[in-house]
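Okay, structure first, notes after.
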Amino acid sequence: AAEVQRFADGLLLAIAYSTTAGGMATLTGSITNEVIYGIGTLQEIITYGKWIRYALPVSLVTVILAFIVVYIRYVRGLQLKLLSHQVLQMEYDDLVNEKGLMSRDEKIVGAIQIIQFVLLMLRPQIGTLTKSPYGTMLIGDPTIACLPAVLLFFIPSAVRQGQALLTWRTVHEKFDFGLLLLIGGGFAISCGFTQSGLNMALGEGIAGLTESANPYTLNLVIIMVASFCSQVFSAIGTATTALPALYSASQNSLHNPLALLLPATLACSFAFILPTATPANVIVLAKSQDLSRSLRIRDFFCTGFPLTLLVIAFGGLVCYITGELVFETSAPFPKWACDEGVSCLWVGVPGEAAQNVYATSQACVLDSNQTTCMLWNRTVIN
């Protein structure tokens, strides 16, 4: 009985950790990823396909590390033979008896999910083909994500005659509208930071740390701070607070905003220590109440603490490499970010615009009197 309980604890923790790790790989897989998508014009820079190329390696590293930690703590040394062919066949037969074989409706829903994924990957090409005469992109990720779902309301169901695959009654009864409020609340807090100027106050304090720090060291520090804040304040709370402040800090210090925002966003998913840190942890903790002994906080802590340290070390290295390969995070402060700032000017002054990077034109930050402008290398021009 003790070995069965031990294996059950490990299995539940593995589900929680792998869910969080898998969610960080796509923009729609985690609420914290949605927060970065709502900052400034980043939705035009961070496409669905680019994010997958950036975050998928980190996700795979996290899954591997989670497997190793959970295996060492819960599975190694067990003498149980839980996954024999007979056991798996019995579980499959019970599932078929309860749910039945895959229906036509389920196959169509799966096909639409694949179509949605493909369309999101092709969004840059679709957006280019649907631009307005003024160059405005008419179709973005939200439109492409919603269109396949809308089809479910029009395709007839083979299981429920006379009804569509998805009905509004089902949506009203099953859909968690509180989740929309949670995501919208995150965007509202982020907007409040910007409108009130609190992001500028926090950003000025952070900007001083970015001026002389080594890029990799800065990447690692951001990941450590965001990760451990996520354990205490939850991943969503940390993202809605930290990301606007980091974006403001990048504008004050003329540091590439992607170099700060990308690792911070991923690190908000490095939350494995406490059961309240991520939705997956909360759900698994609640589900464990059905067992003879539910999961305890120390189960999360003793397993999640070493996992978090390993993910910070190895995941931080991987995201630094992929950030440079996919988004060129070591590049100078970009013009698109300067166009958003009211105190930023793009000037044709050649010189060093980032560490060991020279440019023919670059951004400069206006002082409070709007009379002088400071470049990245702290040179002041009139």
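This note's numbering applies: residue -15 is where the sequence shown begins, and numbers increase by one.
Note that beta-carbon positions come from the ideal geometry of N, C-alpha and C, so glycine has one too.
Requested in this report: Answer with buried or exposed for residue 341, where buried requires no fewer than 16 other C-beta atoms within 10 angstroms of its C-beta.
Outcome: The residue given as residue 341 occupies position 357 in the sequence shown. The residue is exposed, with fewer than 16 neighbouring Cβ atoms inside 10 Å.
Query raised in the report: Are residue 222 and residue 214 touching if we call contact CB-CB under 8 Å?
Result: The count along the sequence shown starts at 1 and reaches residue 222 at position 238. The count along the sequence shown starts at 1 and reaches residue 214 at position 230. Against a cut-off of 8 Å, the Cβ pair of residue 214 and residue 222 comes out as a contact.
Query raised in the report: Near residue 296, which residues of its chain fall below 7 Å by C-beta distance, leaving aside the five closest residues on each side in sequence?
Result: Counting from 1 along the sequence shown, the entry for residue 296 is found at position 312. Closer than 7 Å at the Cβ level, and outside the excluded window around residue 296, lie 207, 208, 211, 254.
**Report entry** Within the segment 245 to 324, ranges of the beta strand (DSSP E) (whole runs, at least 3 residues)
**Finding:** The segment 245 to 324 contains no whole beta strand (DSSP E) run of 3 or more residues.
Report task. Would you list, in sequence order, the uninterrupted alpha helix (DSSP H) runs of no fewer than 4 residues that lie entirely inside the segment 118 to 152? Result -> Every unbroken stretch of the alpha helix (DSSP H) spanning 4 or more residues and falling wholly within the segment 118 to 152 is given here in chain order: 125 to 135.
Report task. Could you tell me how far apart the beta carbons of residue 128 and residue 103 are, in whole angstroms, since I believe they sit closer than 8 Å? Result -> What you label residue 128 is simply residue 144 of the sequence shown in a count that begins at 1. What you label residue 103 is simply residue 119 of the sequence shown in a count that begins at 1. The Cβ separation is near 5 Å, so the contact holds.
Report task. For the alpha helix (DSSP H) holding residue 35, just list the boundary residues, first then last. Result -> For the purposes of this step, residue 35 is taken as residue 51 along the sequence shown, with counting starting at 1. First-last of the alpha helix (DSSP H) with residue 35: 32 to 54.
Report task. Pick out whichever of 11, 9, 333, 262 has its Cα sitting closest to the Cα of residue 217. Result -> Along the sequence shown, read from residue 1 onward, the residue named residue 217 stands at position 233. With distances taken between Cα atoms, residue 217 lies closest to 262.
Query raised in the report: From this set, 110, -8, 10, 0, which residue's C-alpha is nearest residue 58's C-alpha?
Result: Reading the sequence shown from its first residue, position 74 is the one you call residue 58. Comparing Cα positions, the closest option is -8.
Query - DSSP beta-bridge partners of residue 393 - result: There is simply no residue 393 to check, as the chain begins at -15 and stops at 366 in what is shown.
Requested in this report: Would you decide whether residue 145 is buried or exposed? Buried here means 16 or more other CB atoms lie within 10 Å of its CB.
Outcome: The count along the sequence shown starts at 1 and reaches residue 145 at position 161. The residue is exposed, with fewer than 16 neighbouring Cβ atoms inside 10 Å.
**Report entry** Simplified DSSP state of residue 105, which is helix, strand or coil
**Finding:** Within the sequence shown, the letter at position 121 stands for residue 105. Under the three-state reduction of DSSP, residue 105 is assigned to helix.
Query raised in the report: Is the distance from the Cβ of residue -12 to the Cβ of residue 290 below 8 Å?
Result: In the sequence shown, residue -12 corresponds to position 4, counting from 1. In the sequence shown, residue 290 corresponds to position 306, counting from 1. Taking 8 Å as the Cβ cut-off, residue -12 and residue 290 do not qualify as a contacting pair.
Requested in this report: Closer than 7 Å by C-beta to residue 318: which residues in its own chain qualify, once you throw out the five before and the five after it? Chain order, please.
Outcome: Locating residue 318 in the sequence shown gives position 334, where the first residue counts as 1. Cβ neighbours of residue 318 beyond the five flanking positions: 240.
Query raised in the report: What separation, rounded to the nearest whole angstrom, lies between the Cα atoms of residue 88 and residue 81?
Result: The residue you call residue 88 lines up with position 104 of the sequence shown. The residue you call residue 81 lines up with position 97 of the sequence shown. Put simply, the backbone Cα of residue 88 is about 17 Å away from that of residue 81.
Report task. Pull up the distance between the alpha-carbon of residue 249 and that of residue 159, whole angstroms please. Result -> For the purposes of this step, residue 249 is identified with residue 265 of the sequence shown, where counting begins at 1. For the purposes of this step, residue 159 is identified with residue 175 of the sequence shown, where counting begins at 1. Distance between the alpha carbons of residue 249 and residue 159: 26 Å.
**Report entry** Member of 15, 141, 199, 27 whose CA lies at the smallest distance from the CA of residue 93
**Finding:** Working through the sequence shown from its first residue, we reach residue 93 at position 109. Looking only at 15, 141, 199, 27, the smallest Cα-Cα distance to residue 93 is reached by 141.
Query raised in the report: When the Cβ atoms of the segment -3 to 11 are set against those of the segment 24 to 44, are three or more pairs found closer than 8 Å?
Result: Result yes; three or more Cβ-Cβ pairs closer than 8 Å.
Query raised in the report: What's the call for residue 76, buried or exposed, on a 16-neighbour Cβ count within 10 Å?
Result: Residue mapping note: residue 76 aligns to position 92 of the sequence shown, counting from 1. Of the other Cβ atoms in all chains shown, fewer than 16 fall within 10 Å of the Cβ of residue 76; this residue is therefore exposed.
Query raised in the report: Roughly how many angstroms separate the alpha carbons of residue 266 and residue 345, rounded to a whole number?
Result: Here residue 266 refers to the residue found at position 282 of the sequence shown. Here residue 345 refers to the residue found at position 361 of the sequence shown. If I take the Cα positions, the gap works out to 49 Å.
**Report entry** Selection from 138, 172, 33, 61 that minimises the alpha carbon distance to residue 125
**Finding:** Here residue 125 is taken as the residue at index 141 of the sequence shown, counted from 1. If we check each option's Cα against that of residue 125, 33 comes out closest.
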